[in-house]
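Participant: Under numbering that gives the first Met the number 0, the first residue of the sequence shown is numbered 0, with each subsequent residue one higher.
Think of the CB as a built atom: it goes at the ideal place given N, C-alpha and C, for glycine as much as any other residue.
One structure, as structure tokens, below. Some questions next.
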Amino acid sequence: MIRILEPRLANQIAAGEVVERPSSVVKEAVENSLDAGATRIDIDVEAGGSRLLRIRDNGTGMGESDLALSMARHATSKIDSIEDLEAVASLGFRGEALASIASVSRLALTSNTRGDSAHGQQALCEGREMSVSVRPAPHPRGTTVEVRDLFYNTPARRKFLRTEKTEFGHVHEVIKRQALSRPDVAFSVRHNGKQTLQLNAAMAESERTRRIATICGREFAEHTVAIERQAGPLRLWGWVAEPTFSRSQADLQYFFVNGRVIRDKLVSHAIRQAYRDVLFHGRHPAFVLFLELDPAGVDVNVHPTKHEVRFRDSRGVHDFLFGTLSRALADVRPGQAAAVMSQADSDTGALQSSMGLAVGGSPSFAAGNMGAASGGDRSWPASGAGGFQSSPFQPHSTVPQPEFTDGTADIPPLGFAVAQLHGVYILAENQQGLVLVDMHAAHERITYERLKQARDGSGITRQPLLVPLTLAVSNREAAIATEQAEELAALGVLVEAVGEESVICRELPAALKDADAELLVRDVLSDLLEFGTSDRIASSLDELLSTMACHGSVRANRRLTLPEMNALLRDMEETERSGQCNHGRPTWVQLGMTDLDKLFLRGR
Ligand code: ADP
Ligand code: MG
0 MIRILEPRLA NQIAAGEVVE RPSSVVKEAV ENSLDAGATR IDIDVEAGGS RLLRIRDNGT
60 GMGESDLALS MARHATSKID SIEDLEAVAS LGFRGEALAS IASVSRLALT SNTRGDSAHG
120 QQALCEGREM SVSVRPAPHP RGTTVEVRDL FYNTPARRKF LRTEKTEFGH VHEVIKRQAL
180 SRPDVAFSVR HNGKQTLQLN AAMAESERTR RIATICGREF AEHTVAIERQ AGPLRLWGWV
240 AEPTFSRSQA DLQYFFVNGR VIRDKLVSHA IRQAYRDVLF HGRHPAFVLF LELDPAGVDV
300 NVHPTKHEVR FRDSRGVHDF LFGTLSRALA DVRPGQAAAV MSQADSDTGA LQSSMGLAVG
360 GSPSFAAGNM GAASGGDRSW PASGAGGFQS SPFQPHSTVP QPEFTDGTAD IPPLGFAVAQ
420 LHGVYILAEN QQGLVLVDMH AAHERITYER LKQARDGSGI TRQPLLVPLT LAVSNREAAI
480 ATEQAEELAA LGVLVEAVGE ESVICRELPA ALKDADAELL VRDVLSDLLE FGTSDRIASS
540 LDELLSTMAC HGSVRANRRL TLPEMNALLR DMEETERSGQ CNHGRPTWVQ LGMTDLDKLF
600 LRGR
């Protein structure tokens, strides 16, 4: 027998998707506050949120009839038509959050649209029919959402709640994301009566920077590269961490699309690809990035919690993200002002961490202060094929000689070598103080970048396979092999579909003749399907060059002359990504005079 479910039960079922835990309530309520134009949001949490969640805002508020309606399912003030949905600029639009929350908790909404607090109203929702009663209750302009005893009537859900601490951690994380995306809004959070977060509205650039540092940590703020790029309808801005500031977990990754925090495979792929060549194996990049585009270019209605989106031009978005970020990361090298956010005062924290400040790219270098042009007299071979010169450290004819008189004018970013330590490190003096360079790591990167350049200049050489490789694939993969044949050929992969579910590969890049051809072709096709592009070939080729560079680079325990060391320093200044070796380890460290003074407890 078919029956229409009673409202509360129907809403509880919907709540299954939208209200997973206390933090979901906070996410929905804060989004509503932001949609209502709030400039200050106060959040009170008790017992991890399972006893009480109170979200108070100073937004537009709701009048009596809206208040009664707001808790009904499919009740929203944000869209009217499917056209509205396609261009939606508000965070909410599904009209189900309050109804869902009301069905699994004791919910009270108190609101006022006027400045005069005597005119407030409170709405409560009861019974299986979820009937709403409204009565007068004083409240300043804005809205307070009070959620008590979450999941009291859905024991199965309640059982899944973790400890207070864990649940509050989730709540905190949700608020951090919202606070990152809306620096203009003040947030305050209390747990069991204790203030845990207080963020004033940040208008000036320096205040925004401080908010980033508060939320993501000072270390992050001090090791970032600022991003800002507009290309056609896409704009990307925000901060990415220098490769040497990486994380063991993907826990410092915030990506917003039109102000909405999202998790998206395409986005993570593009970012990972941009970091591919510079990140230590197994580490995760850190970033806070905002992508803005015409709302019509992105479908936000693909998931009830709106954590996922679908881009109309996914290939374009991928390329734009990858291109912008890899460009920015390539410039992480001595002499490029990478970190621009070291606003926080620098004398808190241990000496250890303050020494870490300048690893592989110091904020204290001035932008554009690159080493003197070396007249193109490259000292080591650009092509790996013929092996490496036995003494790669030929000084450039134009290497400037050390000269520290009053020491401001022509000192290159990495300064001038003064000594070599145990055949491993170069010690150099620059304007800030002491520079330490891992000479093998640095040389490896330089060699690697040259090899890549040489390859990119001459294109990828293909080589026929001795025995053409026939592969069973899905029909979508076979179709993409035909559609993107030209693209694949440019990557060095000659494949064609033979039949609906089979492809034949005849040629591969010559340099990859020893690779697992089947795996490579499969991976490339599945990348093309999923992301519209593939970097497998490039990354396999890079790996090969990286190994060659590693073997061809100067080993430890090689005695170098000062001119040889200076030549290496100048090359580092000119080489992209030279802040990290091929494996993502830092190549150089700056110890400023203040760092040194601290070591000796010497006040200045
Ligand atoms: P949606 O946000 O998708 O519209 P909700 O169930 O979250 O659906 O909210 C329903 C409606 O209640 C909103 O469209 C809005 O008009 C109103 N509302 C909810 N919270 C607030 C608030 N804090 N301030 C003003 N209006 C609110
Ligand atoms: Mg909402």
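Verify the contact flag: residue 16, CB atom, against every heavy atom of the ligand MG, threshold strictly below 7 angstroms.
Facilitator: No - the ligand MG has no heavy atom lying nearer than 7 angstroms to the Cβ of residue 16.
Participant: Please write down, chain order preserved, every residue whose beta carbon lies under 6 angstroms from a heavy atom of the ligand MG.
Facilitator: That query returns the following residues: 27, 30, 31, 91 and 96.
Participant: Would you identify the three-state DSSP class for residue 245, choosing helix, strand or coil?
Facilitator: Residue 245 falls in the coil class under three-state DSSP.
Participant: Compute the Euclidean distance between the alpha carbons of residue 490 and residue 476, then round it to the nearest angstrom.
Facilitator: About 17 angstroms.
Participant: For residue 43, which three-state DSSP category applies?
Facilitator: DSSP places residue 43 in strand when its eight states are reduced to three.
Participant: Less than 8 angstroms between the beta carbons of residue 285 and residue 319, yes or no?
Facilitator: Not a contact, by the Cβ cut-off of 8 angstroms.
Participant: Is it the case that the CB of residue 22 approaches a heavy atom of the ligand ADP more closely than 7 angstroms?
Facilitator: No, Cβ of residue 22 sits at least 7 angstroms from all heavy atoms of the ligand ADP.
Participant: Identify every run of the beta strand (DSSP E) within the segment 151-213, keeping only runs that are complete inside it and at least 3 residues long; order them along the chain.
Facilitator: The segment 151-213 contains these whole beta strand (DSSP E) runs: 185-190 and 193-198.
Participant: Quick check on the DSSP output: what are the complete alpha helix (DSSP H) runs of length 4 or more inside the segment 476-524, in order along the chain?
Facilitator: Within the segment 476-524, the complete alpha helix (DSSP H) runs of at least 4 residues are 484-490.
Participant: Identify which residue in 311, 276, 271 and 191 has its Cα closest to the Cα of residue 86.
Facilitator: Of 311, 276, 271 and 191, the residue nearest in Cα terms is 311.
Participant: In its own chain, which residues sit with a C-beta less than 7 angstroms from the C-beta of residue 301, not counting the 5 before and 5 after it?
Facilitator: If we look at residue 301 and ignore the five residues flanking it on each side, its Cβ neighbours are 307, 308 and 309.
Participant: Would you tell me roughly how many angstroms separate the C-alpha atoms of residue 37 and residue 541, rounded to the nearest one?
Facilitator: Cα to Cα, the separation comes out at about 50 angstroms.
Participant: Need the endpoints of the alpha helix (DSSP H) that residue 63 sits in, please.
Facilitator: Counting along the chain, the alpha helix (DSSP H) containing residue 63 begins and ends at 63-69.
Participant: Confirm the yes/no value for this check: CB of residue 77, any heavy atom of the ligand ADP, distance under 7 angstroms.
Facilitator: For the ligand ADP, at least one heavy atom lies less than 7 angstroms from the Cβ of residue 77.
Participant: Considering residue 633, what are the terminal residues of the beta strand (DSSP E) in which it resides?
Facilitator: Any answer about residue 633 is impossible in this case: the structure gives the chain only from 0 up to 603.
Participant: When the Cα of residue 604 is compared with those of 424, 136, 185 and 28, which residue comes out closest?
Facilitator: Given that the chain is displayed from residue 0 to residue 603, the structure contains no residue 604 and the question cannot be resolved.
Participant: On the criterion of 16 or more Cβ atoms from any shown chain inside 10 Å, does residue 473 qualify as buried, or is it exposed?
Facilitator: Exposed, since its Cβ has fewer than 16 Cβ neighbours within 10 Å.
Participant: Less than 8 angstroms separating the beta-carbons of residue 108 and residue 259?
Facilitator: No; because the gap between Cβ atoms is not below 8 angstroms, this pair is not in contact.
Participant: Just checking my contact of residue 575 with residue 448 at CB under 8 angstroms: how many whole Å lie between their CB atoms?
Facilitator: The Cβ separation is near 6 angstroms, so the contact holds.
Participant: Just to confirm my understanding: we take residue 207, look at its own chain, exclude 5 residues before and 5 after, and list those with CB closer than 6 angstroms. What are they?
Facilitator: Cβ neighbours of residue 207 beyond the five flanking positions: 182 and 201.
Participant: Looking at residue 24 and residue 95, is the spacing between their C-beta atoms short of 8 angstroms?
Facilitator: The answer is no: Cβ separation not under 8 angstroms.
Participant: For residue 111, count neighbouring C-beta atoms within 10 Å of its own C-beta (all shown protein chains included) and say buried if the count is 16 or more, exposed if not.
Facilitator: Burial call: buried.
Participant: Which residue wins for smallest C-alpha separation from residue 330, given the options 265, 239 and 303?
Facilitator: Residue 239 is the option with its Cα nearest to residue 330.
Participant: Where does the unbroken alpha helix (DSSP H) through residue 31 begin, and where does it stop?
Facilitator: Counting along the chain, the alpha helix (DSSP H) containing residue 31 begins and ends at 21-34.
Participant: So, are the CB atoms of residue 553 and residue 536 less than 8 angstroms apart?
Facilitator: No, they are not a contact pair.
Participant: Using the Cα positions of residue 234 and residue 219, report the straight-line distance between them to the nearest angstrom.
Facilitator: So the alpha carbons of these two residues sit roughly 23 angstroms apart.
Participant: If the criterion is Cβ atoms closer than 8 angstroms, does the pair residue 265 and residue 317 meet it?
Facilitator: Contact: yes.
Participant: Output the residue ranges of the alpha helix (DSSP H) runs that lie fully inside the segment 534-598 and measure 4 residues or longer, sorted by chain position.
Facilitator: Here the runs fully enclosed are 535-551, 561-573 and 592-598.
Participant: Counting only the same chain and skipping the five closest in sequence on each side, list residues whose C-beta sits under 6 angstroms from that of residue 533.
Facilitator: Closer than 6 angstroms at the Cβ level, and outside the excluded window around residue 533, lie 523, 526 and 527.
Participant: By Cβ distance, which residues of its chain are closer than 7 angstroms to residue 84, with the 5 residues on each side in sequence left out?
Facilitator: Excluding positions up to five away in sequence, the list reads 78, 92 and 300.
Participant: Relative to the alpha-carbon of residue 521, which residue among 73, 422, 566 and 471 has its alpha-carbon at the smallest distance?
Facilitator: Closest by alpha carbon: 471.
Participant: At the level of alpha carbons, what is the spacing between residue 463 and residue 538?
Facilitator: For residue 463 and residue 538, the distance between alpha carbons rounds to 20 angstroms.
Participant: Provide the residue(s) that pair with residue 3 in DSSP beta bridges, ordered along the chain.
Facilitator: In the DSSP output, where bridge partners are listed per residue, residue 3 has none listed.
Participant: My output table needs one value for residue 10: the three-state DSSP class, helix, strand or coil.
Facilitator: DSSP places residue 10 in helix when its eight states are reduced to three.
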